[in-house]
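One structure is given below, encoded as structure tokens.
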Amino acid sequence: MSTKETEVGPFESILALVGGFTGLVFGYDIAEWIGAIVGGVLLWSIGRWVGAVADGLVKFLVFIGFLILNRFVRLLVWDFIQAILNGS
0 MSTKETEVGP FESILALVGG FTGLVFGYDI AEWIGAIVGG VLLWSIGRWV GAVADGLVKF
60 LVFIGFLILN RFVRLLVWDF IQAILNGS
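In numbering that gives the first Met the number 0, the protein residues as written are 0 to 87.
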């Protein structure tokens, strides 16, 4: 058996939980217990998928932010070194 654990992001876990609970409530109102089970599973899976997409988008935006920050710091250090070498 594999001991490898999969990581679940915060949006994925929160939206899956909210989707499952919402599906249970609305499914029970429509078709009692069978509707609750089907609605809970269906909306849980949709919430999990949307959460995974949201987590991926946040990771991508953080990555882009780090790239921009890296460029800014390199330019700042290079300008500082040039100012020292030019004697100003």
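Backbone N, C-alpha and C define an ideal beta-carbon position, used for all residues, glycine too. Given the structure is predicted, the values throughout are model-derived calculations rather than measurements.
Quiz prompt | Exposure label - glycine 86; buried when at least 16 CB within 10 Å | solution = Reading the sequence shown from its first residue, position 87 is the one you call residue 86. The residue in question, glycine 86, is exposed, as its Cβ has fewer than 16 Cβ neighbours within 10 Å.
Practice problem: Look at the alpha carbon of arginine 47 and the alpha carbon of glycine 39, and state the distance between them as a whole number of angstroms. | Solution: Position 48 of the sequence shown holds residue 47. Position 40 of the sequence shown holds residue 39. The alpha-carbon atoms of arginine 47 and glycine 39 are separated by roughly 12 Å.
Practice problem: Determine the contact status of valine 57 and leucine 14, defining contact as a CB-CB distance below 8 Å. | Solution: For the purposes of this step, residue 57 is taken as residue 58 along the sequence shown, with counting starting at 1. For the purposes of this step, residue 14 is taken as residue 15 along the sequence shown, with counting starting at 1. Not closer than 8 Å, so no.
Quiz prompt | valine 7, DSSP secondary structure in three states | solution = For this step, residue 7 is matched to residue 8 along the sequence shown. Coil.
Exercise. Pull up the distance between the alpha-carbon of valine 7 and that of isoleucine 80, whole angstroms please.
Key: Locating residue 7 in the sequence shown gives position 8, where the first residue counts as 1. Locating residue 80 in the sequence shown gives position 81, where the first residue counts as 1. If you take the alpha carbons of valine 7 and isoleucine 80, they lie about 43 Å apart.
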